[in-house]
Amino acid sequence: MEQNIQDYYRKMGIAQEVYSYGTRIEETLFERFRKIDRMAELNQLKVIDAMQKARVSADCFHYVSGYGYDDFGRDTLEKVYSNVFHTEDALVRPQITCGTHALALTLMACLRPGDELLSIAGKPYDTLEEVIGIRPSCGSLAEYGVTYSQVDLLEDGSFDYKTIEKAITKKTKIVTIQRSKGYQTRPSFSVDQIGEAVRFVKQVKPEIICMVDNCYGEFVEEKEPSDVGADLVVGSLIKNPGGGLAPIGGYIVGKKDLIEQCACRLTSPGLGKEVGASLGVMQSFYQGLFLAPTVVAGALKGAVFAANVYENLGYPVIPNGREERHDIIQAVTLGSAEGVIQFCKGIQAAAPVDSYVAPQPWAMPGYDSEVIMAAGAFVQGSSIELSADGPVKPPYAVYFQGGLTWEHAKFGIMMSLQKLWEAGMVKEFPARDLK
Ligand SMILES: *Cc1c(COP(=O)(O)O)cnc(C)c1O
72 MEQNIQDYYR
82 KMGIAQEVYS
92 YGTRIEETLF
102 ERFRKIDRMA
112 ELNQLKVIDA
122 MQKARVSADC
132 FHYVSGYGYD
142 DFGRDTLEKV
152 YSNVFHTEDA
162 LVRPQITCGT
172 HALALTLMAC
182 LRPGDELLSI
192 AGKPYDTLEE
202 VIGIRPSCGS
212 LAEYGVTYSQ
222 VDLLEDGSFD
232 YKTIEKAITK
242 KTKIVTIQRS
252 KGYQTRPSFS
262 VDQIGEAVRF
272 VKQVKPEIIC
282 MVDNCYGEFV
292 EEKEPSDVGA
302 DLVVGSLIKN
312 PGGGLAPIGG
322 YIVGKKDLIE
332 QCACRLTSPG
342 LGKEVGASLG
352 VMQSFYQGLF
362 LAPTVVAGAL
372 KGAVFAANVY
382 ENLGYPVIPN
392 GREERHDIIQ
402 AVTLGSAEGV
412 IQFCKGIQAA
422 APVDSYVAPQ
432 PWAMPGYDSE
442 VIMAAGAFVQ
452 GSSIELSADG
462 PVKPPYAVYF
472 QGGLTWEHAK
482 FGIMMSLQKL
492 WEAGMVKEFP
502 ARDLK
């Protein structure tokens, strides 16, 4: 079989040199992969337990249209999410269109004119700048008289507690923490670090609502931010918890009264959680959540593999090949526009969908440089599926994430290296002494 696998890689465009380097790297990672599998096992049990306790039945998958009163599948799914995240309540809906929408909804539901939002993890994710009004935008929180302040992280990427204490005022209503680095070069936070920050904030002002942007973090660790004191945890179903099957959606889990506010904002005051038909997507939401722990494990193995493949070739990588993971994103600094482009071409060429197209840099709205994106996904734009993107500007880093299976992630990374090798950017592979 070994020979047949190798023949397949060759047939699909991976040179012998690239294949054997990749294989040598993989052999150094088995111990690491074993730990990732154990984490998946724990989270798999957590999800099954949550489904059993909520008495999930085949009736949950029925198509419901119209107003959606008594949408049994929807209501039961929200119980399942509450069980997984250990919260009082949950809002999990196809009417929440994406992660940005889930976060905007939460902020707009819980803030009132005169309140202040405080980010203690530095600049939030790009798309939130317009939600908050950091960049003026139609319908932003700023337009409604909600102010914003921010405490940057210390140089080592940790929370700046002294400045946070000073930044909390009478007006501060919500403190937001972004778990994942997103497309920045800071480290991502562990759940324990988030817990420590939440405890600190509550000690300064107990009534503050602590909210965590959990995008890309679900099922990476044993615990979730709601297990360490966060009042609201928010994420996208087109990422980890959708397991690659959810075609749309977002979730908010947390305190019952806050979830009620979010529901009243999503639908309407007076209607709250009672309306919002699930339109036949329930089976994919349940099944995606069921698969999510192992899908996340595959993506994590891909990220660790990529870190080690590129680190051993001398490229800066964040996180490095040995660091513990708190999300599924891997940054690789290739140092040139050509490098970014070849990397993305490789990821695209390894996709099951649209493998024959070559991604090109383009001037995407909201970015100040050209951006290149590689994705051949079953769900459009899904970043739990194998995908890579990067702004074409210094330091020429690509952000790589996902892979519904480890085998696909591995093939994609090998293909990215193959493209760099074909372009003459990687000339030789380290003979031994891998890190
Ligand atoms: C992806 C992401 C978002 C936004 O989610 P979309 O589904 O792309 O709108 C917000 N925050 C973080 C940290 C993310 O990774």
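With this note's numbering applied, the sequence shown closes on residue 506, and no number is skipped along the way.
Note that CB positions come from ideal geometry on N, CA and C, so glycine has one too.
Quick caveat, the model's predicted, so the values are computed rather than measured.
Boundaries of the alpha helix (DSSP H) harbouring PRO364: 353-382, taken from the DSSP string. Residues ALA192, GLY193, PHE230, ASP231 and ARG257 of the same chain have their beta carbon placed closer than 8 Å to that of LEU224, with the five preceding and five following residues left out of the count. Between the alpha carbons of VAL262 and GLU293 lies a gap of roughly 9 Å. Considering only ILE309, GLY461 and ALA370, the residue with the shortest C-alpha distance to SER453 is ILE309. If only uninterrupted alpha helix (DSSP H) runs of at least 4 residues are considered, those enclosed by the segment 123-176 are 143-156. In this structure, the beta-carbon distance from ALA370 to ALA448 does not fall below 8 Å.
Assigned with DSSP and collapsed to three states, SER458 falls in strand.
Scanning its chain for C-beta atoms nearer than 8 Å, with the 5 sequence neighbours on each side dropped, one finds around PRO423 the residues GLY447, PHE449 and HIS479, in chain order.
Shown here, ILE239 sits in coil according to DSSP, grouped into three states, outside any helix or strand.
According to DSSP, residue pairing for ALA468 in a beta bridge involves THR404. Within the same chain, and ignoring the five residues on either side of VAL469 in sequence, the residues whose Cβ sits closer than 6 Å to its Cβ are VAL403, VAL411, PHE414, ALA459 and GLY461. Ranked by Cα distance from GLN354, the first of ASP108, ALA129, GLU88 and GLU98 is ALA129. Relative to the non-hydrogen atoms of ligand 1, the Cβ of LYS310 comes within a distance shorter than 7 Å of at least one. Assigned with DSSP and collapsed to three states, GLU187 falls in strand. Here the C-alpha atom of CYS169 lies approximately 17 Å from the C-alpha atom of PRO436. Taking a 10 Å sphere around the C-beta of VAL428, we find fewer than 16 other C-beta atoms and assign the residue as exposed. Set against 7 Å, the gap from the CB of ASP284 to the closest heavy atom of ligand 1 is smaller. C-alpha of ILE279 to C-alpha of ILE245: approximately 6 Å in a straight line. Remark: C-beta atoms of ALA317 and GLY359 approach each other more closely than 8 Å.
Straight-line measurement puts the Cα of LEU491 at about 29 Å from the Cα of ILE107. The C-alpha of MET110 lies about 11 Å from the C-alpha of LYS117. Distance from the CA atom of GLN419 to the CA atom of ILE203, rounded to whole angstroms, is 34 Å. Counting along the chain, VAL272 sits inside the alpha helix (DSSP H) bounded by residues 262-275. Less than 8 Å separates the beta-carbon of GLN166 from that of LEU337. In the DSSP assignment, SER487 falls within the alpha helix (DSSP H) that extends over 477-493. When DSSP states are grouped into helix, strand and coil, LYS244 belongs to the strand group. If you ignore the 5 residues before and after ALA268, its C-beta comes within less than 7 Å of the C-beta of ILE191, PHE230 and ILE248, all in its own chain and listed in chain order. Under the DSSP assignment, THR218 falls in the beta strand (DSSP E) whose first and last residues are 218-221. Taking the CA atoms as reference points, ALA494 sits about 51 Å from GLY144.
Taking each of GLY313, GLY320, ILE265 and LYS276 in turn and checking the Cα distance to SER297, the smallest one comes out for ILE265. Apart from sequence neighbours up to five positions away, the residues of its chain that approach GLY93 with a beta-carbon distance below 6 Å are MET485, ordered along the chain.
Counting only the Cα atoms, MET282 lies some 38 Å from GLU97. Sixteen is the threshold: since fewer than 16 other Cβ atoms of the shown chains lie within 10 Å of the Cβ of GLY216, the residue is exposed. Ranking GLU441, SER349 and ILE319 by CA distance to the CA of LEU148 puts SER349 first.
Taking a contact as a CB-CB distance under 8 Å, the pair GLY325 and LEU342 does not count as one, their CB atoms being some 20 Å apart.
For the options LYS124, LEU174 and ILE239, the alpha carbon positioned closest to that of SER211 is the one of LEU174.
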